[in-house]
Structures are given as structure tokens and as C-alpha cells.
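Report on one structure; see the data block that follows.
There are 2 protein chains.
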Amino acid sequence: MKGIFRHMAEYINRQWRLAARPVGNFKDSDFTWHEEPVPDLADGQVLVRNIYLSLDPTNRIWAAQDSYLPAVPLGDVMRGVAVGVVEASRHAGFPVGTFVQGLLGWQLYYVGNGQGLTPIAKIPGHSLLLYHGVLGAIGLTAYFGLLDIGRPREGETLVVSAAAGAVGSMVGQIGNIKGCHVVGIAGGPEKCRWIVEDLGFDAAIDYKHEDVAAALTRYCPKGIDVYFDNVGGAILDAALARMNNFGRVVACGAISQYTSEKPPAGPANFLLVISKRLRIEGFIVLDYLPRAQEAIPQLLEWIAQGRLKYRLDVVDGLEQAPRAVQKLFDGSNIGKLVVKVSDEP
Amino acid sequence: MKGIFRHMAEYINRQWRLAARPVGNFKDSDFTWHEEPVPDLADGQVLVRNIYLSLDPTNRIWAAQDSYLPAVPLGDVMRGVAVGVVEASRHAGFPVGTFVQGLLGWQLYYVGNGQGLTPIAKIPGHSLLLYHGVLGAIGLTAYFGLLDIGRPREGETLVVSAAAGAVGSMVGQIGNIKGCHVVGIAGGPEKCRWIVEDLGFDAAIDYKHEDVAAALTRYCPKGIDVYFDNVGGAILDAALARMNNFGRVVACGAISQYTSEKPPAGPANFLLVISKRLRIEGFIVLDYLPRAQEAIPQLLEWIAQGRLKYRLDVVDGLEQAPRAVQKLFDGSNIGKLVVKVSDEP
């Protein structure tokens, strides 16, 4: 029997806790596994069973240092965005059976006051994975980052890095829908083939095997108007060198820098910001969550029309999370990386 | 006798031509002096006698490399903004006696088709120096850079570097007028005293004798909302570290980098652009010249009200230009640097 009367000790939680500040890529030993019964709910608390846990480049930031959120304290459950279902509740705002999304953590059961959790609707015909594939942080990042910050106009040239990544692949497709000439930068021939042949990018640059600056000149004959940056570092510099006057750089991520053991170097071509009158603007998708409903109907429509495709990389079992997250930083994953924690109802 | 019938050979031109690409600060030997008669005017040409020549940090960029304008070719007259008066004309758009402003060059007489020259009005009660002091590039840079790019709101904290410079001193005063808490960064006690006591800045930081990062913490207790950057380099990094979320960086200049013999390093704190959701935007005042009339009445009113003060550093004689321009890069000038080329009518 489920609900507010069920005895919590029946729930055995399983958690990954942060054991060490990562140096370079994550290592297995940065996390420790804990199992313990869930405590009884206090008044106002809710228990959520996590179903799908999202693994994202920003996890590395959260584990390493204070940034736009405080660093995860050592010994605490690792922070992570997940979707889950309320299984027990002493909070009138989250009745049992409600699907929710939020910072539920790398664990089977979340217990807390529900702050920051957002109720989500199960979309008929879709798995809850949709909320990691396109309706969650990934889709909203691509949608608002490109349209609100990058503001591409029809006929302009859009370049996106980490173009086979979860965000990048969606940015390029939205750019296509908006009538841009879209060039993606990705690592390796398989990723490059995928974004051109399956997703409809106009061109792809394999940064592992090509000179990016030369390729940008070749594939962006009219220069770059919008550069959606997921990687920072040398590729950002190459893009800056090819930007048109009044170009816009969407500073979304800098994955090339997150695992660096040296202090990151700033972009050497920074002076071009002045001479080319560039706008470089950073953003965090959390700021846009209150506007999610502006984007979701449009994203669903594009999916239904087959104009927005995405690939999921679903790893089965919470136990796999520390190993899986490392794939984000060694370039080995394609598509949105998700850990399946438990079954959808 | 003046006018289109006067024989041009009566006009002996005097010019500084660019002889070498500068390395580090300008040197006297980067320029060579030429005297020669002015050629007869062709149909559609105009002859302008230069009166006041503006010396600006961007001169170093023009002399060194292609940027937002092509580099000045070696052997050509050095490029420079000046105000002058039409003394002979075969161009109906520029009758004799018209005052004009534009890229008239480091010379006594400009001869050309008038492209890019703007007629200017002599403002009653003011010297034509007004067009270098506040109504020309300097005032428009401060006005549009701060208000259009920086968009400060009342009560916000504005920091400006090179604050005793021609642009910086005006930016701070406009920030004051708009109700900002204004902190200037300048080199040396005399400049710092001037911007606080005479111009009304709330605080000044002497970067030559103070730790800028510590001083920004002290003088900007609520963080920085708008940073108007004229210098780049280490001071830009210190400002980035102190920016508030959603802060704006007006990328106006990077004088610390112009004379560097090493390739400039990008801002090491660049990753903060993402986590703090900063907007860094470059601009060039030339883009705003068509909107000058939006600003000029307001600037004149503030001057008349005593709310906008400026200091001129007028050097007498075109011969002095190569030596004078070096003062911009060794920190020794205060106020707008102008060379008086000939007398006002």
C-alpha cells in the first residue's frame, strides 16, 4: 500500500554521494555508494521515486566548485536533475502519483520539502524520457539559448560546437527550422555523419581530424553570425576569428575547460569583440524555467512533424552513474545521457 | 582670395606620413614629415584646412593592423579625426566656409571628395574644440556606449577603467547623472583626485598603487552591474570576478593590450560569463554617428548645467603630433588629447 500512511522503512534508499572533488575527468572513486532506509516523512515533506536521472556536463562544475550554485558538499548526495513520481506525501502540493522534475539527486528516493520541484505532465504517447530528451533542460537550453540570446535571422550562418551533443544537436535543428545555414563541430566521423545525414546540418567539421579554422572558412563562406558555444577553448577562438561584425556568441558551456587541471586561458581572440562589435552573452537554463511553457508546445510540434530529432543514450541502473558520467568528458557518448533509475509506472 | 578660383599651389601642405608599423608605443621614427603644394582640385573635390586634430588610442590600431578599418598603408598620410573648415571647393555639398569633421588625417590640408565628412555647426559661445571634447567621438562613445550597451539603471554600480581618460571621465559623469554608484580606475593620485573631487565619482582606485581586486570589493560592496572597459587585460579580469549576475561589460577599448609585443591573453575569468550570465558587448562609435543628433542636445544641456566637465590637453602645432600621441600609451596625459593644427576662423 502506497501513500502517506506507508511506513518509510520499507523504502531502502540507494545513493551516490560525492566523496572527492574531481581532478580532470570524474573517476569512480569520486563517489561512494550508500544504502539506508528512508526516514519517516515530516509534515510538508514528500518522497519521490526517481525514474530517469540526467547526466550533464554541468555536473562536473557542481562537484568541483561554487559557481551559479554552491558546490555539492563532500559527503552529500550528488546533485542531479531527474524525473520521478511521488510515492508518499505529506505535502498537499504534491499528491501521490504526481510526476515531478527537479534536482532530485543521484539516488533512488528523494525526500524533501519539494522546493524547486516542478510537476510535469505525462505526454500521451511519449515516455517520461521526453523530459530529458527535449522538454527538460536540454530542449529549453537549445530553444532559449539560440532564439533568445543568439537571435538568428533567416539566411544567417549558425555554427554550433559539441554539435552531436544533446544541446548542440537540437540547436542545429532549430537553426535549420529558422532558415539558417548550419555548421556543426563534432568529434569523429560518426558524429559528423549523424548530424549531416540524419539531422540535416548543412556541414560538419570533425575537430579531431580537421583544422577547425580552415574548415570554418570553407563551410562559412559568408562568415559566422551566431556561434553557439558549448566547448570554449581553442574552438571558441577559431569561431571568434570567423565571426561577422555584429555577430553573437551564445556562451552556453565550455566543456573543454571543465576538466582542465590548469586555470583556463581566456579566448586569445577576445579583442575581436571590440573591432567586430560582437555580443557574447552567457546564460543558464534555470533562469528560463518559468518560461518553459513558451517553448514546450513548439518543441512538441516540431517533434511531431519530424523536424526535431534526438538521440538518447540510456544507461540502465543507478549503479552505473559514476562510470557513465565520464563519457561526457572523453567524447564517447552521442545523444542525451540518461540513467534509468527505476521503471516508469 | 579664397574660393574655387584660388590657385592651389598657394597652399603648401604639411603632413605626417606613416613610415613604420609601431612596435610597443609609437616612436618618433614611425612617422615622416612631408611638405608639398596642394594639387589643383578636380571636379567634386574639396579642400579642408584642418584646425584641431584628435589623437586617440585607436590610432595605434590603425597604424598596426587591419581591424574595423584597414591598416593605414605605409607611406600614406596618418589617419586621424579632425575638425576643419572648407577653404576651397568644387563640391556643391561643401561650400567654402563649411565646418566639417571626419577622417581628415594628420595634415594641414585635406583634399578629397568629402566622403565620410560631416558638416558641423559652430555652437555659439564654444570653440570648435567642443567637437573633440564632447560632441565628437569622445562624447558619443561615452553616451552610446554607456546608455545603449551598458544600460545602467538607477542605483546600480558602474565601474569604468581609464577613468581619467577622455571617454572614461565622461562615462563616469553620465553614470552619476543616471543615479549610479560610480567607481573609476585610474593611474596615480592626481588622476584619482581629479575624478572624485572635480568630477564627482563616488570612489577612485589607483591601479598603480592599489590591489584592484581588493579595492573593487571595498568600493563595490554590492558588486558591479556595469563595467565600462577601456583597458582590457588584468583589470578586465578583476572586474569580471566582481560582476553581479546579469552584469554588462561594455567592451570599448583595451589600451593595455594595444602596445603589447606578445599576443594578447584573453580574460582568464572568461568562464564567469556563463555562470554569471554576463553580457560582453563590443562597439565602435562610428556605428553611432548617424544617431549623433540623439545625443548632442542632451550633452550640451549637461555641459551648460555644469554636470558634465571635461579637460582638454591641447598640444600646439602639427609638428608635435608624433610625440604627443605617445602620451596616450605611457599614461602621462589627462583629458582629451588634441593637436591644434591652425587657427579657428
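Those protein sequences? They're chains E and F, same order as listed.
FYI, the numbering for the first sequence is 26 to 370, going by the working numbering.
FYI, the numbering for the second sequence is 26 to 370, going by the working numbering.
Note that CB positions come from ideal geometry on N, CA and C, so glycine has one too.
Cα-Cα separation, I305(F) to P177(F): 14 Å
Inter-stretch contact (C-beta, 8 Å, three-pair minimum) for the region 86–98 of chain F and the region 156–169 of chain F: no
Cβ pair Y283(E), P82(E) closer than 9 Å: yes
Rounded distance between the beta-carbons of V102(F) and G9(F), thought under 8 Å: A query on residue 9(F) cannot be resolved here, the shown segment of chain F reaching from 26 to 370 and no further.
For N358(F), the three-state DSSP class (helix, strand or coil): coil
Touch test, the region 228–236 of chain F against the region 206–220 of chain F, Cβ-Cβ under 8 Å, three pairs minimum: yes
Rounded straight-line distance, which links the Cα of L43(E) to that of V97(E): 7 Å
Alpha-carbon to alpha-carbon, P149(F) and L99(F): 40 Å
Chain-ordered residues of the region 301–325 of chain E with a beta carbon less than 9 Å from chain F: K301, R302, L303, R304, I305, E306, G307, F308, I309 and D312
Pair within 9 Å by beta-carbon distance, A293(F) and G291(E): yes
Backbone CA spacing between A259(F) and P120(F) [nearest angstrom]: 49 Å
Local conformation of A45(F) per DSSP, three classes: coil
Neighbouring residues, chain F, relative to Q282(E) (Cβ below 7 Å): L296
Interface flag, Y93(E) vs chain F, CB-CB below 9 Å: yes
At least 3 beta-carbon pairs within less than 8 Å: the region 331–340 of chain E vs the region 63–73 of chain E: no
For V364(E), the nearest candidate out of A117(E), I76(E), F169(E) and T123(E) (CA to CA): I76(E)
Short Cβ contact (9 Å threshold) for F253(F) with G175(F): yes
Contact between the region 244–253 of chain E and the region 44–57 of chain E (3+ Cβ pairs under 8 Å): no
Straight-line Cα distance separating D368(F) from H395(F): Coverage of chain F is limited to positions 26 through 370, which leaves residue 395(F) absent and any answer about it impossible.
Interface positions of the region 182–194 of chain E facing chain F (Cβ-Cβ less than 9 Å), listed along the chain: none
Residue environment, R348(E), which counts as buried when at least 16 other CB atoms sit within 10 Å: exposed
Boundaries (first-last residue) of the beta strand (DSSP E) holding V111(F): A107 to S114
Straight-line gap, E319(E) to T123(F) (C-alpha atoms, nearest Å): 56 Å
Residue range of the unbroken beta strand (DSSP E) whose run includes H59(E): F56 to P62
Buried/exposed call for P288(F), threshold 16 Cβ in 10 Å: exposed
Residue interval of the alpha helix (DSSP H) (run including S152(E)): Per DSSP, S152(E) belongs to no alpha helix (DSSP H) and is neither H nor E.
Under 8 Å by beta carbon: chain F residues contacting G289(E): Looking at the sequence itself, residue 289(E) is Pro, so the reference to Gly does not match. Under the 8 Å cutoff, chain F gives A293, F295 and L296.
Local Cβ density within 10 Å of R46(E), reported as buried at 16 or more and exposed below that: exposed
Per-residue DSSP class, three states only, for I309(E): coil
Supposed contact pair R74(F) and V125(F) - C-beta distance, whole angstroms, cut 8 Å: With a Cβ gap of about 10 Å, V125(F) and R74(F) do not count as contacting.
Proximal residues of chain F, C-beta to C-beta of A276(E) below 7 Å: V298 and I299
Within-9 Å CB hit, I260(E) to chain F: no
Cutoff 9 Å: G257(E) Cβ touching any chain F Cβ: yes
Beta-ladder partner(s) of S79(E), from DSSP: V363(E)
Proximal residues of chain E, C-beta to C-beta of A279(F) below 7 Å: L296 and I299
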